[in-house]
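Quick notes on the structure that follows.
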Amino acid sequence: MLSEPLPRPAAISPDEYRARREALMQHLPQDSVVLLRGGSLVTRSHDSDYPFRQNSDFHYLTGFAEPDALLVLLPGRSEGESVLFCQDRDPDREAWTGIRLGAEGAVKKHGVDQAFENAERNERLALLLAGRCQFYLMLDDGEAVALADDMRKRLASGQRRGAVSACSYVDLAPLLHEQRLIKSESELALMRHAAHISALAHRRAMRAARPGLYEYHLQAELEHEFQWHGGSGPAYATIVGGGANACVLHYIENDDPLREGELVLIDAGAEFDLYAGDITRTFPVNGRFSPAQRALYDVVLTAQERAVAAVRPGATLGEIHDGVVRDLTAGLIELGLLEGELEACIADESYRRFYLHSTSHWLGLDVHDVGAYRVEGKSRPLEPGMVVTIEPGLYIPDTEEVLPAYRGIGIRIEDDVAVTPAGHEVLTGDVPRRVVDIEAWMAKK
Ligand code: GLY
Ligand code: MN
Ligand code: MN
Numbered sequence: 116m117l118s119e120p121l122p123r124p125a126a127i128s129p130d131e132y133r134a135r136r137e138a139l140m141q142h143l144p145q146d147s148v149v150l151l152r153g154g155s156l157v158t159r160s161h162d163s164d165y166p167f168r169q170n171s172d173f174h175y176l177t178g179f180a181e182p183d184a185l186l187v188l189l190p191g192r193s194e195g196e197s198v199l200f201c202q203d204r205d206p207d208r209e210a211w212t213g214i215r216l217g218a219e220g221a222v223k224k225h226g227v228d229q230a231f232e233n234a235e236r237n238e239r240l241a242l243l244l245a246g247r248c249q250f251y252l253m254l255d256d257g258e259a260v261a262l263a264d265d266m267r268k269r270l271a272s273g274q275r276r277g278a279v280s281a282c283s284y285v286d287l288a289p290l291l292h293e294q295r296l297i298k299s300e301s302e303l304a305l306m307r308h309a310a311h312i313s314a315l316a317h318r319r320a321m322r323a324a325r326p327g328l329y330e331y332h333l334q335a336e337l338e339h340e341f342q343w344h345g346g347s348g349p350a351y352a353t354i355v356g357g358g359a360n361a362c363v364l365h366y367i368e369n370d371d372p373l374r375e376g377e378l379v380l381i382d383a384g385a386e387f388d389l390y391a392g393d394i395t396r397t398f399p400v401n402g403r404f405s406p407a408q409r410a411l412y413d414v415v416l417t418a419q420e421r422a423v424a425a426v427r428p429g430a431t432l433g434e435i436h437d438g439v440v441r442d443l444t445a446g447l448i449e450l451g452l453l454e455g456e457l458e459a460c461i462a463d464e465s466y467r468r469f470y471l472h473s474t475s476h477w478l479g480l481d482v483h484d485v486g487a488y489r490v491e492g493k494s495r496p497l498e499p500g501m502v503v504t505i506e507p508g509l510y511i512p513d514t515e516e517v518l519p520a521y522r523g524i525g526i527r528i529e530d531d532v533a534v535t536p537a538g539h540e541v542l543t544g545d546v547p548r549r550v551v552d553i554e555a556w557m558a559k560k
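Under the numbering used here, the first residue of the sequence shown carries the number 116, and numbering increases by one thereafter.
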């Protein structure tokens, strides 16, 4: 069941990376410096490493794909404001692990003003930092703080006569993460692609499902499709939960059989050019919903569709979540899973027994992407360029206290939605969501 290959969307241009660095520096004082480390290889065992994935913040400002790099931004420096330190050229190592761009390649390909190899790093850095008093760092990055401490000591010890030692550290995260929260047109093009190939993967897994397979068979179908379309793999650990496994929110074992008469919940998304897709669908293993499964499914679907429809500039994720809670709670009362008045069940949070997570998160280079959710103590208004997930669910425990028909059913429906000036764009609309559409799609095996 091979899909047609798809055209690749354009990569982010060096000009856009430059513009991002310049936009960040607009917010920085002239005597400041940004020190931002890229990711490093992590040893898996002996001489084997985990596959390298660049740090998202570093990628956002450089597009530079090698490990062990450092970006230094120096607002107002006449010889150039962006300086990159990168791995040393090393023909012996490169024979094993591939060509390194080196300083010259980094300037040519990535449009930084200057680049140097790491062998020169600390000497050069001490010179670059002279006179800079505010260090903008990721304060949760211990190695970045240690590097800054080391530089401060060098400057203070008078090794560099006339140099002023830098005096304060400022967290870079809030500033950079605000910038990352609003996606550019070229980022949205990559996110559309990540979402589209994630949707194709869900369609494929739905068609492949049947009783007697194991959860990992569907995982294999999904991840084949991600990679076939040039994704680097899953953007987070793929969840395939048959039956009551769907009620375990972060179930990733994926090693149980898929049984006749049960639902299966798949939460899976591709990573493409470091951008994440994040889709959940829940469907019957045998292709037909039972009446109880359908009834519960339609409660989640109604809440999800209304929440997606509410995404627009000015709306807040808080309001959208409150609407979902109201719709789910009303449905639970109607099905007899909750007793009492709607307002009372919302107020006493009895719905939380069946719905305990929030409805949305930001999506971007990270699946749970960066950016503040609250501003001045309130859920922040949505703005064009933000991308959110809408993912209500109901998880009915397999216990005697609930109606037998619904025991052990877990349902979540998740789509990725970009906020546009006029309202919203659903990025993951290519995968069946309504009961009739799921059943029709699965019947066409
Ligand atoms: N897949 C993680 C989430 O939906 O938040
Ligand atoms: Mn999600
Ligand atoms: Mn998800």
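Backbone N, C-alpha and C define an ideal beta-carbon position, used for all residues, glycine too.
- A residue is listed when its beta-carbon falls short of 6 Å from at least one non-hydrogen atom of ligand 2; in chain order these are D393, H476, T504, E506, E529.
- Cβ-Cβ separation between D203 and E181: approximately 11 Å, too far for a contact (criterion under 8 Å).
- T444 and N401 have their C-alpha atoms spaced approximately 29 Å apart.
- Here the distance from the Cβ of T353 to the nearest heavy atom of ligand 3 is not below 7 Å.
- Residue pairing of K493 in beta bridges, as defined by DSSP: V490.
- In this structure, DSSP gives C460 a helical state, which the three-state scheme calls helix.
- DSSP, read as helix, strand or coil, puts F250 in strand.
- For G346, no alpha helix (DSSP H) segment is defined, and its DSSP state is neither H nor E.
- Using a cutoff of 7 Å, the CB of D130 does not count as near ligand 1, since none of the ligand's heavy atoms is closer than that.
- Ranked by how close their Cα comes to the Cα of Q294, the residues Y175, D370, C362 have Y175 in first place.
- The beta strand (DSSP E) runs lying completely inside the segment 208 to 261 and spanning 3 residues or more are 229 to 232, 249 to 252, given in chain order.
- Residue pairing by DSSP places R396 opposite I381 in a beta bridge.
- In the structure shown, H174 adopts helical secondary structure according to DSSP, grouped into three states.
- With at least 16 other beta carbons inside 10 angstroms of its own, H292 counts as buried.
- Under the DSSP assignment, S313 falls in the alpha helix (DSSP H) whose first and last residues are 300 to 323.
- Looking at the backbone, the Cα of D382 and that of V355 are separated by about 7 Å.
- The beta carbon of H317 sits no closer than 7 Å to any heavy atom of ligand 1.
- In the three-state DSSP reduction, G357 falls in the strand class (E or B).
- As the crow flies, the alpha-carbon of R269 is around 19 Å from that of F200.
- Inclusion of T395 in the 7 Å shell around ligand 3 follows from its C-beta lying nearer than that to a non-hydrogen atom of the ligand.
- Within the segment 123 to 179, the complete beta strand (DSSP E) runs of at least 3 residues fall at 147 to 152, 158 to 160.
- DSSP places R427 outside both helix and strand once states are collapsed to three, so it counts as coil.
- In the structure shown, T535 falls within a strand segment according to DSSP collapsed to helix, strand and coil.
- Annotation: the continuous beta strand (DSSP E) that includes R527 extends over 525 to 527.
- Annotation for T504: the continuous beta strand (DSSP E) segment containing it runs 502 to 505.
- Short of 8 Å from the beta carbon of M253, and not among the five residues preceding or following it, lie these beta carbons of its own chain, in chain order: L151, R152, D172, A259, D286, L287, A288.
- V222 and Q229 have their C-alpha atoms some 6 Å from each other.
- The straight-line gap separating the alpha-carbon atoms of R322 and P512 is approximately 28 Å.
- Scanning its chain for C-beta atoms nearer than 6 Å, with the 5 sequence neighbours on each side dropped, one finds around Y165 the residues V157, R159, in chain order.
- Look at V517 here: in three-state DSSP terms it is coil, with no helix or strand label.
- Contact check between the segment 394 to 410 and the segment 433 to 441: fewer than three CB pairs, one atom from each, fall below 8 Å, which does not count as touching.
- Secondary structure at D442: helix, using DSSP grouped into helix, strand and coil.
- Shown here for D146: same chain residues with a beta carbon closer than 8 Å to its own, the five before and five after excluded, namely G246, R247, C248, Q249 in chain order.
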